[in-house]
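These notes are about the structure you will find just below.
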Amino acid sequence: MRSVTARVPAKINLCLGVGPRRADGFHPLATVYQAVDLCDEVRATAVDDDGVTVTVHLDADRSRESGLVPVDADNLAVRAALALREAAGTTDGAALSIRKSIPVMGGMAGGSADAAAALVACDALWGLATPRSELEAIAATLGSDVPFLLHGGTALGGGRGEEVSPVLARGRFHWVFAIAGQGLSTAEVYARFDRLHGEDVAEPEVPTALLSALAAGDAPRLGRALTNDLQDPALSLRPELADVFEVAEDASALGTLVSGSGPTVMVLAEDGQHAAEIARALLASGTCADAVQADAPEHGAHLV
Ligand SMILES: C[C@](O)(CO)[C@H](O)COP(=O)(O)OP(=O)(O)OC[C@H]1O[C@@H](n2ccc(N)nc2=O)[C@H](O)[C@@H]1O
Ligand SMILES: Nc1ncnc2c1ncn2[C@@H]1O[C@H](COP(=O)(O)OP(=O)(O)OP(=O)(O)O)[C@@H](O)[C@H]1O
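Right, here's the structure in full:
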């Protein structure tokens, strides 16, 4: 049975500036994305008919999340495969199998990542050789974060997040992710942002201090420059996340921030050993369900 596998990283937002809600319900963003080495894998296997099916495999200790991932046409990987097939005008089917390590509803774009991986895997399985620009255009129809998951690395995100351009970043960064027992809805966090700010929202900007810290590969400066306009809305929905911040700060984190729309909290460490110490402190504190180390930046969705 012919099959191909694509590996795809999770994303974080090193800064996430959110502007006033647009007429289409989305918010303009000024963000810097970074792809981190916490990866899902999507395997696409050829089938005899035109069906596109999906199965999802979670690690045993993450089985509580299994009910949250749809295994029908609502799965973003299936939607991606169908969108690609429609654009290419083919009728081939595929059996998709997702191995999930990215937390579900964790603010790390797990569903978007699977969509990007499914695009890459199905493009190869079906021998389409879709031009990159076309894959990116299909990605943007699937979700605001999906184009970045194709791109990977460290990148600016504009528009509603789908306009991606590379940014200079030197060196490797060492992160720890405090994963919550229960996810948050992205739409709900944006709605809380609207409630907290009313009409009084400026056009978002990327802080120059963050860009210069990245260009210099300076982790302590990066830690001080991290910012997220969705942090207060996420904390107002989950006040207990403040306890995670306290543990990270006690462990001398270089910086601590809610990841995207939360509730995952990302903690920047000096090096791998410091990251391991922070992860141990987080786990021992009982303030999160899991603590996972991952380095960055990583490549976007790619075949393995
Ligand atoms: C929080 C982030 O992960 C930061 O990168 C993204 O903004 C969310 O990206 P995503 O999950 O791919 O989001 P989408 O699937 O496009 O949208 C989900 C919901 O989030 C809200 N949304 C999303 C992106 C955006 N720029 N403004 C929004 O208001 C909308 O309510 C939308 O219905
Ligand atoms: N392959 C998939 N993996 C995870 N969730 C999926 C997938 N396909 C669809 N979903 C649905 O997408 C929703 C968001 O899940 P996801 O894990 O992408 O959230 P998230 O990481 O917080 O997203 P983001 O960071 O992009 O805002 C969930 O309600 C889930 O049911």
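Residue numbers (the UniProt record's numbering): 1 to 304. Quick reminder that beta carbons are idealized off the backbone N, C-alpha and C, glycines included. Predicted, not measured: the structure shown is a model, and the values here were computed from it.
* residue 186, enclosing alpha helix (DSSP H) - first and last residue -> That run of the alpha helix (DSSP H) goes 186-197.
* Answer with buried or exposed for residue 123, where buried requires no fewer than 16 other C-beta atoms within 10 angstroms of its C-beta. => Classification of residue 123: buried, given that the 10 Å Cβ count is 16 or more.
* Specify the secondary structure class of residue 274 as computed by DSSP and reduced to three states. => Correct three-state label for residue 274: helix.
* First through last residue of the beta strand (DSSP E) which encompasses residue 90 -> Run containing residue 90: none; DSSP gives neither H nor E here.
* Are the beta-carbon atoms of residue 164 and residue 261 separated by less than 7 angstroms? -> In this structure, residue 261 does not lie closer than 7 angstroms to residue 164 by Cβ.
* **Collapsed DSSP secondary structure at residue 134 in the structure displayed** => Judged by DSSP in its simplified three-state form, residue 134 adopts helix.
* Hey, does residue 175 have any beta-carbon neighbour from chain B nearer than 7 angstroms? -> Of the protein chains in the structure, only one exists, and it is not chain B.
* To do: Taking 7 angstroms as the cut-off, decide whether the C-beta atoms of residue 219 and residue 36 are in contact.
  => In this structure, residue 36 does not lie closer than 7 angstroms to residue 219 by Cβ.
* Asked: Near residue 141, which residues of its chain fall below 8 angstroms by C-beta distance, leaving aside the five closest residues on each side in sequence?
  -> These residues qualify, in order along the chain: 83.
* Are residue 214 and residue 169 close, meaning C-beta to C-beta below 7 angstroms? -> Closer than 7 angstroms, so yes.
* With hydrogens ignored, establish whether the beta-carbon of residue 264 is closer than 6 angstroms to any heavy atom of ligand 1. => No, since every heavy atom of ligand 1 falls outside the 6 angstroms radius drawn around the Cβ of residue 264.
* Is residue 26 near ligand 1, judged by its Cβ being under 6 angstroms from some heavy atom? -> Within the cutoff, so yes.
* Are there 16 or more other CB atoms within 10 angstroms of the CB of residue 108, so buried, or fewer, so exposed? -> Only buried fits residue 108, as 16 or more other CB atoms lie within 10 angstroms of its CB.
* Asked: Which residue from 148, 127, 235 puts its Cα closest to that of residue 111?
  -> For residue 111, the nearest C-alpha among the options comes from 148.
* Asked: Does the stretch 241-261 come close enough to the stretch 10-20 that 3 or more CB-CB pairs lie under 8 angstroms?
  -> The stretch 10-20, when compared against the stretch 241-261, does touch it at the 8 angstroms Cβ threshold.
* Helix, strand or coil for residue 47 per DSSP? -> Residue state, collapsed to three classes: coil.
* Does the distance from the CB of residue 77 to the CB of residue 46 come in under 7 angstroms? -> Contact flag unset, no.
* What are the boundary residues of the alpha helix (DSSP H) that residue 174 is part of? -> Not the alpha helix (DSSP H): residue 174 falls in the beta strand (DSSP E), residues 173-179.
* Asked: Is there contact here, the stretch 230-237 with the stretch 129-138, by at least three beta-carbon pairs under 8 angstroms?
  -> Contact between the stretch 230-237 and the stretch 129-138 is absent, because fewer than three Cβ pairs lie under 8 angstroms.
* How long is the line joining the alpha carbons of residue 160 and residue 30, rounded to whole angstroms? -> Whole-angstrom Cα-Cα distance: 9 angstroms.
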